[in-house]
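This report refers to the structure that appears directly beneath it.
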Amino acid sequence: MDLNIVWFGLLGVLFIAYVALDGFDLGVGVVLPFFRSDEERRIALNAVGPVWDGNEVWLLTAGGALFAAFPHVYAGVFSGLYSALVLLLGALIFRAVSLEVRGKCAGALWRKTWDTLFSASSALIALLLGVAVGNLVTGMRVDAAGNIDAGPFGLLHLLEPIPLFSGVLAVVLFALHGALFLRMKTNDGLVRFKLELLLPKLFAATAVFYIALTMTVLFDRVQPGAWNYERFPALGAVPVLSMLALISVGVFLRCRAFRLAFAGTTATIALLVLTVGVGMFPNLVPAVGNGGNALTIYDSASEKTLTAMLVIACIGVPLVAFYHVLVYRTFRGKAQADDEA
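Quick look at the structure:
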C-alpha cells in the first residue's frame, strides 16, 4: 500500500468535508445582507449557530494532516502564501467573533456592525478559497528550492482569469448552498419567501461563472501535458458529473425540492474539489511551465510518519464524524428567533 497516495486521498476527503459543510455557513454569511430586519438575521444566524465551529474543525484537521504528512509542502505553502493565509486567518477570526458577540448588546448599531463584519468575512473566505483553487489549476510559480511566488503582496494571482472566475464562483456557489440550507431550516414565511426569490438568481449566477470558468480552462489549455485529463481521458467523467450535479440543482429548484437541491450543491462542491485533485495528482502544488518544480506527495513524507498518522487518523476522523452526527441530530429542528432558540 502506497501511504503517500492514501494520504493524498485522505487530504482530499478532509478538504471536501470542510468546503461542503462550512460552505453553507459561509453562504449564510454572504446572503445575510438580503435580510433587513434583526429578527430575520437572528433566524439565519441561529440556523448555523450550533454547527459552524464544528464545521471548521475539518479545516484544522486538514491543515494538521498536511503539516504532519507532507511537511515540505506545508512549509512551502505557508511561507510562500503567508500574506494570503494571514488575511484568511483574520477573516476566520472576525467571522467567529461576529457570531459570538453580536448578541451581547441589544443596540441596533452594535448588531448591524457585527452582521456586516460576519458577511464581509464570509465572502472574503469564500473568495480566497476559490482563488487558491484557481491558482492550483493554473499552477503556482515554484522555484527549485520549493519557494512559491504568490504574486503582488503575496495575495495570490487574483486578477488572472482562472483564479478570478474561480473565486467568484466559490462566493456565489456557497451563497446558493447557504440559501438552500436556510430554506430547509426555517418555518418563517417571510424568510422563506425572500429565499425563494433569491435562489433562482443565485443559481443563475453560479451557472454563469461555472460556464465562464470551464470555458476559460478549456481554451487556455492550462499546463498542457501536466494534467491527468489529457493522458487519461476517462477521468473527464469527474468534471462531467460536477456539471450534471449543478444542472440537477436547477431542476430541483423548479420542482421546489429544496432538500434535493441542497444535496445537489453538496455534490457539486465535492465534485469540483475532486476534479482538481484527480487532475493534479500526484502534485499538491502544481508548478507552471514544465511542472518540474511542482511539490508532490513524494517530496518529504516519511513512511514512519505516514504510518503513525494513519493510525491517529483512523481513530480521530471517525470521532469527529460522530460528533457531527450527534450535533446535527440534536439541532435538527427549525431555526427560530426567540430567546430559547
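Take the sequence shown: its position 203, counted from the start at 1, is 188 in my numbering, and no numbers get skipped. Each residue gets a CB set at the ideal place from its N, CA and C atoms; glycine is no exception. Note that this is a predicted model, so its numbers are computed, not measured.
Best match in the options for proximity to residue i [C-alpha to C-alpha]
i: Arg87; options: Arg80, Arg96 and Leu295; result: Arg96
i: Gly65; options: Pro224, Tyr308, Asn213 and Ile133; result: Ile133
i: Ala219; options: Trp(-8), Val263 and Pro146; result: Val263
i: Leu11; options: Thr46, Ala81 and Ser107; result: Ser107
i: Pro109; options: Ala320, Lys89 and Ala160; result: First, the amino acid is wrong: residue 109 is Leu here, not Pro. For Leu109, the nearest C-alpha among the options comes from Ala160.
i: Thr250; options: Cys240, Ile232, Arg241 and Val261; result: Ile232
i: Arg21; options: Val82, Leu180 and Tyr283; result: Leu180
i: Trp(-8); options: Phe266, Val42 and Tyr308; result: Phe266
i: Arg80; options: Arg244, Gly92, Asp7 and Ala190; result: Asp7
i: Phe243; options: Trp37, Arg177 and Ala279; result: Arg177
i: Thr199; options: Ser227, Leu182, Arg216 and Leu175; result: Ser227
i: Val252; options: Gly(-6), Ala2 and Asn(-11); result: Val is not the amino acid found at residue 252; the sequence shown has Ala there. The shortest Cα separation from Ala252 among Gly(-6), Ala2 and Asn(-11) belongs to Ala2.
i: Arg241; options: Tyr313, Phe307, Pro185 and Asp100; result: Pro185
i: Ala76; options: Tyr67, Arg216, Leu(-4) and Phe103; result: Phe103
i: Thr46; options: Leu311, Gly318 and Met294; result: Met294
i: Asp23; options: Ala189, Leu229 and Asp100; result: Asp100
i: Asp173; options: Val153, Gly318 and Glu145; result: Gly318
i: Val153; options: Glu145, Phe188, Val116 and Leu183; result: Val116
i: Val(-2); options: Leu183, Trp212 and Val302; result: Val302
i: Phe188; options: Ala230, Val312 and Arg314; result: Ala230
i: Glu145; options: Asp(-13), Asp205 and Leu(-4); result: Asp205
Within 8 Å, strictly: CB atoms of residue i and residue j
i: Val258; j: Phe0; result: yes
i: Leu158; j: Leu149; result: no
i: Phe247; j: Leu114; result: no
i: Val193; j: Ser151; result: no
i: Ile282; j: Phe55; result: yes
i: Phe316; j: Val42; result: no
i: Ala255; j: Ala93; result: no
i: Thr98; j: Ile147; result: no
i: Asn278; j: Ala129; result: yes
i: Leu112; j: Val156; result: yes
i: Lys89; j: Ala320; result: no
i: Val33; j: Asp284; result: no
i: His162; j: Phe307; result: no
i: Ser83; j: Ala135; result: no
Anticipated Cβ contact below 8 Å, residue i with residue j, distance rounded
i: Val13; j: Val127; result: Val13 to Val127, Cβ: 36 Å. No contact.
i: Val273; j: Gly124; result: 4 Å
i: Gly221; j: Gly131; result: About 31 Å separates the two Cβ atoms, so there is no contact after all.
i: Glu25; j: Leu167; result: So it is not a contact: roughly 10 Å between Cβ atoms.
i: Leu73; j: Phe63; result: Actually they do not touch by this definition, with Cβ atoms about 11 Å apart.
i: Thr260; j: Pro224; result: 5 Å
Residue-level contact to chain D via CB, residue i, 8 Å cutoff
i: Ala293; result: The question asks about chain D, but that chain is absent: this structure has only one protein chain.
Closer than 7 Å: residue i CB and nearest the ligand FMN heavy atom
i: Gly75; result: With respect to the ligand FMN, the structure shown offers nothing to examine, as it has no ligands at all.
If we require 3 or more residues per run, which beta strand (DSSP E) segments fall completely within the segment 260 to 294?
268 to 270
Go through the segment 291 to 320 residue by residue and report every complete run of the beta strand (DSSP E) that reaches 3 residues or more, in order.
none
Assess, as a yes-or-no matter, whether the segment 28 to 42 is touched by the segment 11 to 20 under the definition of 3 or more beta carbon pairs within less than 8 Å.
yes
Counting Cβ pairs closer than 8 Å, one from the segment 287 to 295 and one from the segment 219 to 237, do we hit at least three?
no
Determine contact between the segment 46 to 58 and the segment 296 to 312, defined as no fewer than three beta-carbon pairs at a distance below 8 Å.
yes
If you scan the segment 194 to 223 from start to end, which runs of the alpha helix (DSSP H) of 4 or more residues do you find wholly inside it?
213 to 216
Of all the alpha helix (DSSP H) runs that stay within the bounds of the segment 78 to 135, which reach a length of 4 or more residues?
93 to 123
Those runs of the alpha helix (DSSP H) which lie wholly inside the segment -4 to 50 and span at least 4 residues
23 to 33
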